[in-house]
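**Q** Got a structure for you, written out below as structure tokens; questions coming shortly.
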Amino acid sequence: MVPLYNFDDTEYYGQVQIGTPGQTFLVLFDTGSSNLWVPSIKFFFGMFEIACSNCGAHNKYNSSQSSTYIANGTTFRIEYGTGSLRGYLSSDILTVNNLQARVTFGEATDEPGATFKEAKFDGIFGLAYRSISEDNVDPPFYVFEQNGLLNKDLFTFYLQSDDQDDGELLIGDIDTTHYTGSLWATPIIHETCYVFLFCFVLTRN
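Every number in the numbering used here is 553 more than the matching position in the sequence shown, counting from 1.
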């Protein structure tokens, strides 16, 4: 279970670790994208290596401090509805609570504009389908699944409003203490993000 922090009922983010020993990052768990990325300590300005341009005061990944880092070097660029970034791909060990596997992720070296620079989180953890992954990278959830690390091939969110406990993400299982009654399955109609059809929703009160 990953405890989630809530910012203004719009952003829910939690801790993951990358590397050996683990470097801790706050990541936004995003069902609308598929890539994992965090700011990089590396940014080349001419012959000089400096910290990520426009990455603000966020935690930055330092590959030289990880014994399990493997270079990739493929450049990437991601456009979101609220901003963009670019950098290059790397490989290292990702730890999410009790789950651990080698993944390919993005080291962001440039985050133009203020969107990500001023965000409460360091990076983004994409949970959507591989079909929309930049550079066809396997999303972390896929990697956990392929390595047989999950009890069930699913993830669940428990979200609260801003004036209550923040929430949690459970990868590979369901916390039955957070609901009553039965769960109903509905088919995904587009394996990009989680798109499904519904006619109406009923709630109490």
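Virtual Cβ for every residue (Gly too), placed ideally from N, Cα, C.
In chain order, what residues of the same chain lie with their CB nearer than 8 Å to the CB of I727, ignoring the 5 residues before and after it?
**A** So the list reads K705, L707, T709, L736, once near-sequence residues are dropped.
**Q** Over the uninterrupted alpha helix (DSSP H) stretch that includes P592, give me the two end residues.
**A** Counting along the chain, P592 falls outside any alpha helix (DSSP H), though it belongs to the beta strand (DSSP E) covering 589 to 592.
**Q** Locate the beta strand (DSSP E) running through E564, then write down its first and last residues.
**A** Counting along the chain, the beta strand (DSSP E) containing E564 begins and ends at 564 to 571.
**Q** Counting C-beta neighbours from all protein chains within 10 Å, is the total for L557 16 or more, i.e. buried, or is it exposed?
**A** When all chains shown are included, L557 counts as buried.
**Q** Looking at G725: is its Cβ nearer than 8 Å to the Cβ of L589?
**A** Contact flag unset, no.
**Q** Quick check: is the beta carbon of T621 nearer than 8 Å to any beta carbon in chain C?
**A** Within the model displayed, chain C is absent; a lone protein chain is all it includes.
**Q** Quick check: T739 and S684, are their CB atoms within less than 8 Å of each other?
**A** Cβ atoms of T739 and S684: not closer than 8 Å.
**Q** My assumption, with CB atoms under 8 Å, is that S593 sits in contact with T668. Please give the rounded CB distance.
**A** That pair is no contact at about 17 Å.
**Q** What would DSSP say about N689, mapped onto helix, strand or coil?
**A** DSSP places N689 in helix when its eight states are reduced to three.
**Q** Do you know how far the Cα of L638 is from the Cα of F598?
**A** Note that F598 scores 47 on pLDDT, short of 50, meaning its location in the model is unreliable; the coordinates nonetheless yield the value given after this. Rounded to the nearest angstrom, the two C-alpha atoms are 17 Å apart.
**Q** Between K670 and G734, what straight-line distance do the alpha-carbon atoms span, to the nearest angstrom?
**A** Cα to Cα, K670 sits roughly 42 Å from G734.
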